[in-house]
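Asks: With the working numbering applied, the sequence shown has no gaps in its numbers, which climb one by one up to 317 at the end. Glycine residues also receive a C-beta, built at the ideal position from the N, C-alpha and C atoms. These numbers come from a predicted model, not from an experiment.
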Amino acid sequence: MAYDKELATAVKAASLAASLCRKVQKGLLQSDVRSKNGRHRSPVTVADYGSQALVSFVLQQEFPGEFSLVAEEDSNDLRKDGAGEMVERITELVNESLTRDGSYNVTLSPDDVLRIIDSGKSEGGSQGRHWVLDPVDGTKGFVRGDQYAVALALLDRGKVVLGVLACPNLPLTSTGVDDPCRRSNEAGCLFFAEVGGGTYMQPLDGSSTVKVQVSGVENPEEASFFESYEAAHSMHDLSREMEPIYLRFPRNGYREKIWDHAAGSIVVTEAGGVVTDAAGNPLDFSRGKYLDLDTGIIVSNHKLMPLVLNAVRASLDEKSKLHP
C-alpha cells in the first residue's frame, strides 16, 4: 500500500504513547493534572503532554524532511512559573519510554521536550501532508480512570489516508468480533486503517491482528446506540429505538477540531461505516484545524444511515420549533 511506512510508524508512535498514558493513569497524582487557561478550563495532564512529545519525536525521527503536525497541546502553560515539576515529570516519562523502546539513542532535556511539544502547531490545510494528533482523546475520562484514546492520523492533500486509535482500557466489554484483545493478558486494543486497505485491530502488545467490520445490522431495534459520554456533546431527544449508531452533538458555538475525528473517521469508513454531519455531508479535513459542520456528527452503517439522518433532522426541526 502507498502509506505502509507511515502506517507502521504511526502504530509504533501511538503504542509508545499509549504505554506512557497507561503508566500515568495507574498512578495518577494530583500534581499530574492542571487546568488549561481558557474559557472552559479543560483538564490537561502529564500524559497529554508526554504522549504528544513522544509521538512528535518519533514522527520527526522517521520523516524529518516532510514533518507537519496539527496537535492539541502546546507548551504555553508549561513555561509559566510553578510548572517546573510537571515539566520534569513529563521529561522523565518521555525518556523512560524512549529508553524502553531502544530505537533512539537519545536523552531529551526539559527544553527539548517543550520544543517537541510545540512542533504540533501546524495549521494543516489542503496542501501537502499533515499528521493530526489528539494525544489523549478523552482527558476527562482519563482522569476518572475510564476510557480514552491516543488518536493519530495522516492527511494527504486534505484527505485522511491513515489512522490509528490506541485504546489502553479496551475492551471493558466485548467488541463483537473474534477479539484478540480479549485473549491478551492486559486490556488494551489498537485499531489502524489505511485508505483502501481496511481496518484492523490488535492488542497493544502487538500480537495477533484481526480485520474488523462495522455491524451489518439493518433493523434499528437490533442496533446499538452510543452518544458522547460528556453531556455537552449528547443529544438525548432521539428514541433509544434508534439504537450501530453514534451521535455527537456539541453545545452551540463549539467548533469541532480535526484531531478529534481524523483517525476515528478512517477507522470507521475503512471498516465499512459512514461518517457525516447532521446534513449527511462527509467531514472535510482540508480547511485547517477546524471542521465546518452542520450541527453534529453521525456514525452508522450504510443500511441505517438514511434512517438515522431522517430521525436527526426531525429531532432538530422539533427543537427549533420549541426554541426558535
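Once the 5 residues before and after Ala224 are set aside, which same chain residues still bring their CB inside 6 angstroms of it?
Replies: With a pLDDT of only 43 at Ala224, under the threshold of 50, the placement of this residue in the model should not be trusted, and no figure is reported.
Asks: Here's the rule I'm using: 16 or more other beta-carbon atoms within 10 Å means buried, otherwise exposed. How should Lys282 be labelled?
Replies: buried
Asks: At the level of alpha carbons, what is the spacing between Gly265 and Ala76?
Replies: Approximately 45 angstroms, taken between the alpha carbons.
Asks: Helix, strand or coil: how does DSSP classify Ser28 here?
Replies: Strand at Ser28.
Asks: Just confirm the distance between the C-beta atoms of Thr132 and Pro275, as a whole number of angstroms; I'd bet it's less than 8 angstroms.
Replies: About 27 angstroms separates the two Cβ atoms, so there is no contact after all.
Asks: Hey, how far is the Cα of Ser232 from the Cα of Ala64?
Replies: Residue placement at Ser232 is poorly supported in this model, since its pLDDT is 32, which falls under 50; the coordinates are not used for a value here.
Asks: Do Ala255 and Phe278 have their C-beta atoms within less than 8 angstroms of each other?
Replies: yes
Asks: Does the segment 67 to 76 come close enough to the segment 88 to 96 to have 3 or more Cβ pairs within less than 8 angstroms?
Replies: No, the segment 67 to 76 is not in contact with the segment 88 to 96.
Asks: If we ignore side chains and look at the alpha-carbon of each, how far apart do Asp287 and Arg241 end up?
Replies: 12 angstroms
Asks: Between His123 and the rest of its own chain, which residues show a CB-CB distance below 8 angstroms, the 5 nearest in sequence each way excluded?
Replies: Ser61, Leu62, Val63, Ser115, Gly117, Leu147, Leu148
Asks: Tell me whether Ala307 is buried or exposed, calling it buried when 16 or more other Cβ atoms sit within 10 Å of its Cβ.
Replies: exposed
Asks: Between which residues of its own chain and Val87 is the CB-CB distance below 7 angstroms, once the five residues before and five after are set aside?
Replies: Gly43, Ala46, Leu47, Leu101, Val106
Asks: Do Pro161 and Ala11 come within 8 angstroms of each other at the CB atom, strictly closer than that value?
Replies: yes
Asks: Are the Cβ atoms of Asp127 and Asp253 separated by less than 8 angstroms?
Replies: yes
Asks: I'd like the list of long-range same chain contacts for Ser8, defined as Cβ closer than 8 angstroms, with 5 residues on each side in sequence excluded.
Replies: These residues qualify, in order along the chain: Ala159, Leu183, Leu197, Gly199.
Asks: Within the segment 19 to 88, note down every full beta strand (DSSP E) run reaching 3 residues or more, in order along the chain.
Replies: 26 to 28, 36 to 38, 62 to 64
Asks: How many whole angstroms separate the CB atoms of Ile251 and Val268, which I take to be in contact at a CB cut-off of 8 angstroms?
Replies: So it is not a contact: roughly 13 angstroms between Cβ atoms.
Asks: Assuming contact is defined by CB atoms lying nearer than 8 angstroms, are Val260 and Gly189 in contact in what I supplied?
Replies: A distance of 8 angstroms or more separates the beta carbons of Val260 and Gly189.
Asks: Can you tell me whether Phe218 is helix, strand or coil according to DSSP?
Replies: Reliability of the predicted coordinates at Phe218 is poor, the pLDDT of 47 falling under 50, and the value obtained from them is presented with this limitation in mind. Looking at Phe218 - three-state DSSP - the assignment turns out to be strand.
Asks: Closest by CA to Gly113, which one among Lys152, Leu145, Gln18?
Replies: The candidate whose alpha carbon is nearest that of Gly113 is Leu145.
Asks: Name the two residues that bound the continuous beta strand (DSSP E) containing Ala146.
Replies: 142 to 149
Asks: How should Asn294 be labelled, buried or exposed, when 16 other C-beta atoms within 10 angstroms of its C-beta is the threshold for buried?
Replies: buried
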